[in-house]
Structure formats: C-alpha cells, structure tokens
Amino acid sequence: MKINPSNKANQFEESVIREMSRVAKQYNAINLAQGFPDFPAPDFIKKYAVEAIEADINQYAVTWGSQSIREAIADKYSNLYNLKYNPEREITVCCGSTESMIASLMGTVNEGEEIIIFEPFYENYGPDAILSGAKPVFINLKAPDFTFTEDDLKKVFNKNTKAIIINTPHNPTGKVFSYQELLLIAKYCKEFDVLAITDEIYEHILYTDKPHIPIATIEGMKDRSIIINGISKTFSVTGWRIGYILAAESLSSGIRKVHDFLTVGAPAPLQEGAAKALRVGNDYYLQLKDFYFRRRDMMLKALRDVGFSCIAPEGAYYIMTSFENFGFDNDIKFTEHLIKDIGIAVVPGSSFYRKDAEDKSKFVRFCFCKKEDTLNRAIEKLQKLSK
Ligand code: GLN
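Counting from 106, one number per residue, gives the positions in the sequence shown under the numbering used here.
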C-alpha cells in the first residue's frame with residue numbers, strides 16, 4: 106500500500122500556532138500563543154445559539170448560509186461601510202475565515218497564477234497557496250514599524266498576478282493599513298487586473314484613530330474584492346467556526362461551489378445565533394475596542410518594562426516583538442526558554458515568514474486576548490526574564 110502524504114501535503118508543516126497550544130499544555134505554561142479568548146463569550150450570543158438548538162434548527166442550513174445570517178451580514182456591511190451586497194448571490198457563509206480563505210483561493214485562482222502576500226503573514230496563507238496551486242510572491246513589511254513602499258508593489262505586480270491578500274488589522278504585527286496604502290494597492294490592482302482578497306477578521310479591534318477600511322470601498326474595487334470576515338474574534342467564539350465571504354456574483358459563484366464540496370455548510374444553529382448577534386449594534390463594538398485597549402496597554406507596558414522594544418499594535422490582539430536584549434540567537438530558542446523556564450507560551454515569529462526570509466528569526470508574538478488575571482499572572486512570570 107502506498108501510504109506517503111501527497112506532494113502538496115509534503116510541502117508544508119503542521120501549524121506552529123496550533124502546536125504551541127499543545128506545547129503550552131504539556132509544560133503547563135500560560136498560553137499567549139494561539140489567539141483565542143480564555144474568557145466567556147457574551148451571554149447574548151450563547152443564548153441565541155441555545156434558542157436555535159431548542160427550536161430544532163439542527164439540520165443542514167442552505168449551503169451558502171442561512172437566509173437570516175446572509176441578510177444580517179448584508180445589513181452590517183451596508184450600515185457600517187455603505188457596501189451593498191446581495192445576500193442571495195454575493196454572500197457565502199463558511200466554516201470560519203480559514204475555510205473562507207481557502208475556498209476563495211480555490212474558487213478564483215488557477216494553478217501557477219501569482220498571489221501577493223505581505224510578510225510577515227498569518228501562517229495559513231502559505232499552505233492555502235500550496236493547496237490552491239497559487240504561486241505566492243511576497244512583499245516584506247519592514248520592521249520595526251512594518252511599512253512598505255510603492256516600489257515594493259511595482260516589483261511584484263505583473264501580468265501573471267491574480268490576487269493580493271490584505272489582512273487588516275494585521276496578524277501578527279497589529280498594523281492597520283491606512284487609506285493611502287490601500288489607495289496605492291488599489292491603483293495596482295486596477296492597472297494589472299488583480300483581485301484583492303481581504304482578511305478583515307479583526308475589523309473591530311482597533312486602538313488608534315485609524316479606521317478599518319475595506320479596500321472594496323475604494324472606487325473601482327468592489328467588483329474585484331473578496332471580503333473575508335467572521336464572528337470568531339468579534340464575539341469571542343473561535344470554536345463556532347462561522348466565517349463569511351462577500352464578493353461580486355461572478356466571483357461568488359466559483360467560491361460557493363468550492364465551499365459546498367469542501368464542507369457543505371457551517372453549523373446551522375450557530376449560524377442562527379450569529380445572525381442575531383450580528384444585529385447587536387455599534388455599542389458592542391465600541392465596548393470590545395475598550396476591552397482590548399486596556400489589555401494591549403497592560404501587556405505593552407509590562408513587555409517594555411522587562412526590556413522588549415515592541416511597537417504598539419494599531420489593531421488586532423497581538424504584539425510582535427523583537428527580543429534582542431535577552432541574548433538568544435533565534436526565536437525558536439527564545440520561545441523554548443519562555444515556555445520551559447518562564448512559563449509563558451508564545452508563537453515563534455518564524456512561523457509568519459518564509460523559510461528563507463531575512464527577518465524570520467528576530468521576533469516572537471504574544472497574544473493578549475485573555476482575562477486580566479491571566480495577563481497579570483503572565484506579567485509576574487515575565488519578571489523572571491533576565492537581560
Ligand atoms: N488567528 C489565531 C492566531 O493567529 C488563531 C487561528 C487558528 O489557530 N485558527 O493565533
């Protein structure tokens with residue numbers, strides 16, 4: 106019997122982010138690695154899901170997502186961004202934004218076509234590119250403030266470019282792409298006829314006056330944008346696996362077919378719970394922002410006090426920091442020290458870079474989507490770090 110993994114599966118490793126959660130357990134370390142909350146989800150969303158189960162919404166929903174959630178998503182984008190999407194044909198609900206991304210790529214990109222990815226990048230995009238047959242091409246966001254220039258865009262856009270992935274607010278750096286940056290990217294997308302696939306899962310987790318801007322709101326971009334989002338981070342329900350895609354009908358038709366054959370659909374009662382939660386209104390989003398603002402400042406201060414020279418994230422719930430003051434040659438060794446000797450699990454920065462990237466070993470990522478008590482315990486442990 107031939108039992109080797111496929112050529113595609115052989116080209117990537119298991120997720121380091123997910124592995125770190127297992128290692129954290131093994132060493133009984135505080136898990137500031139994988140980005141998921143350790144506090145309860147809001148009562149209202151849990152109640153909505155329980156009600157849906159009790160009302161016997163327990164069979165498959167429509168493959169593209171239940172009517173109620175697609176309408177709630179359409180209303181949300183119309184109210185917040187004045188973006189109009191037809192829930193019948195332009196919105197698709199998937200199992201998390203993870204499935205949304207792979208379904209979007211497989212539904213739109215052909216073997217060998219290039220996709221542009223900003224590096225560092227959320228590690229899924231690497232395997233996503235391999236699985237969809239796309240050829241990834243990278244733009245390095247330059248540390249310490251993770252910026253890029255027009256020249257960087259000029260170098261990578263070409264006639265074989267199919268799409269650019271824009272994750273804003275950005276995991277792992279916390280960068281929020283500015284209007285000027287998006288305008289520049291939009292200019293190249295239009296010139297080279299390129300799709301913008303945007304991962305906007307942290308849209309409400311923002312810390313400065315920079316707003317979250319979907320590139321689809323820029324003139325000429327709506328029909329070439331694929332917006333990916335989900336409820337995991339906004340409602341602290343990462344285990345529900347409810348993500349969604351907004352895209353013009355011509356794009357959605359391919360994506361929907363891929364989604365159908367990958368997973369059929371996301372959990373039906375949780376879609377109903379999410380549909381009601383998505384109508385919760387702006388106050389909730391503002392409260393969420395304040396909630397994370399406090400945690401960001403706590404962690405920033407604590408990390409700087411012990412000698413990290415981190416820059417403040419503008420959004421999302423991670424701090425990607427260099428560790429040059431602690432005398433370790435690379436991120437893997439420093440991560441091991443943090444887990445085994447200090448008692449805190451983080452994600453080694455190299456998992457957000459290509460294998461041969463220049464900056465790859467210089468960072469680690471701390472997440473702070475945790476109870477204040479968890480962060481305080483971690484901060485106490487950080488005092489053991491010596492420079
Ligand atoms: N987005 C989260 C992170 O970067 C977790 C994602 C996941 O493991 N599915 O840690």
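Glycine included, each C-beta is placed from N, C-alpha and C at the ideal position.
Note down, in chain order, each residue of its chain lying with its Cβ closer than 7 angstroms to the Cβ of residue i, except the 5 sequence neighbours on either side.
i: T266; result: E219, I221, F297 and V299
i: N136; result: S126, A129 and A450
i: F243; result: I222, E224 and R459
i: R194; result: E354 and S357
Using DSSP with H/G/I as helix, E/B as strand and the rest coil, what is residue i?
i: P453; result: strand
i: S183; result: helix
i: I350; result: strand
i: P241; result: strand
i: Y397; result: helix
i: G420; result: strand
i: D304; result: strand
i: N272; result: strand
i: L383; result: coil
i: K476; result: coil
Mind checking whether the beta-carbon of residue i lies closer than 6 angstroms to any heavy atom of ligand 1?
i: N276; result: yes
i: I122; result: yes
i: S420; result: Before going on, a small fix: residue 420 reads as Gly here, not Ser. No, since every heavy atom of ligand 1 falls outside the 6 angstroms radius drawn around the Cβ of G420.
i: G140; result: yes
Counting only the same chain and skipping the five closest in sequence on each side, list residues whose C-beta sits under 8 angstroms from that of residue i.
i: E463; result: N245
i: G359; result: G212 and T213
i: M326; result: A291, C294, K295, A301 and I320
i: R482; result: I135
i: T493; result: An answer regarding residue 493 cannot be provided, because it is not within the stretch 106 to 492 covered by the chain.
Out of the options, which has the shortest C-alpha to C-alpha gap to residue i?
i: S237; options: G217, R361 and P316; result: G217
i: Y132; options: C472, I444, A382 and D461; result: I444
i: E419; options: E429, G454, L311 and D402; result: L311
i: A373; options: S337, Y293, G348 and Y165; result: Y165
i: D143; options: K338, K264 and T254; result: K338
i: Y390; options: E255, D461 and S341; result: S341
i: R400; options: I323, D478, G432 and I347; result: D478
i: F282; options: M206, D314 and A268; result: D314
i: M425; options: I350, M404 and I331; result: M404
i: E305; options: I336, K264 and D328; result: I336
i: K465; options: C472, C474, G454 and F471; result: G454
Among the residues of its own chain, which have a CB less than 6 angstroms from the CB of residue i, if the five just before and after it don't count?
i: P232; result: F117
i: W345; result: L375
i: I83; result: Past the edges of the chain, shown from 106 to 492, lies residue 83, and the structure says nothing about it.
i: T278; result: F251 and M425
i: K486; result: I447, G448 and I449
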